[in-house]
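Quick notes on the structure that follows.
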Amino acid sequence: MRPSRSTPLADTALQCLAVLACFGLSAQAAWAYLDPVSTTFVLQAIAGAIAAAFAGVRSFRRRVVGFFKTGRFADPDAAPEAAARNKADAEPR
1 MRPSRSTPLA DTALQCLAVL ACFGLSAQAA WAYLDPVSTT FVLQAIAGAI
51 AAAFAGVRSF RRRVVGFFKT GRFADPDAAP EAAARNKADA EPR
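Residue 23 in the numbering used here is what sits at position 23 of the sequence shown, and the numbering runs on without skipping anything.
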């Protein structure tokens with residue numbers, strides 16, 4: 001028997017797809033009304049969540065890059081004069 005080449009993430013994605021397919025196949029007619037205001041509210045919530053996720057990833061990425069550039073967690077947007085002073089202090093005399 002050959003070992004499976006799928007990853008846990010692929011297995012989870014496939015399971016989610018299977019569940020969504022079951023929901024789609026078993027859907028019944030819904031006699032409901034969604035007005036434009038509620039639809040806009042949902043779209044704004046989704047857009048806000050996406051923007052927050054991008055901001056969080058950007059912030060985390062800056063901290064990681066700053067750590068590898070300076071050897072410690074530092075603000076990469078710090079003034080260049082402060083970085084030059086720190087570098088001059090670290091050099092042996």
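The C-beta atom is built at its ideal place from N, Cα and C for all residues, glycine as well.
Legend entry - Bounding residues of the alpha helix (DSSP H) (the contiguous stretch that carries Q15): Note, Q15: alpha helix (DSSP H), P8 to L25.
Inset, instruction - Let me know the secondary structure DSSP gives L34 once reduced to three states. - result: In this structure, L34 counts as coil in the three-state DSSP scheme.
Inset, instruction - To the nearest angstrom, report how far apart P36 and A45 are at their CA atoms. - result: Using only the alpha carbons, I get a separation of about 14 Å.
Inset, instruction - Pull up the distance between the alpha-carbon of V64 and that of G56, whole angstroms please. - result: Those two C-alpha atoms are separated by around 12 Å.
Inset, instruction - With DSSP as the reference, label Q44 as helix, strand or coil. - result: Here Q44 sits in helix by DSSP.
Inset, instruction - Would you tell me roughly how many angstroms separate the C-alpha atoms of F41 and A52, rounded to the nearest one? - result: F41 and A52: Cα-Cα distance of roughly 16 Å.
Inset, instruction - Pick helix, strand or coil for A49, following the three-state DSSP scheme. - result: Three-state result, A49: helix.
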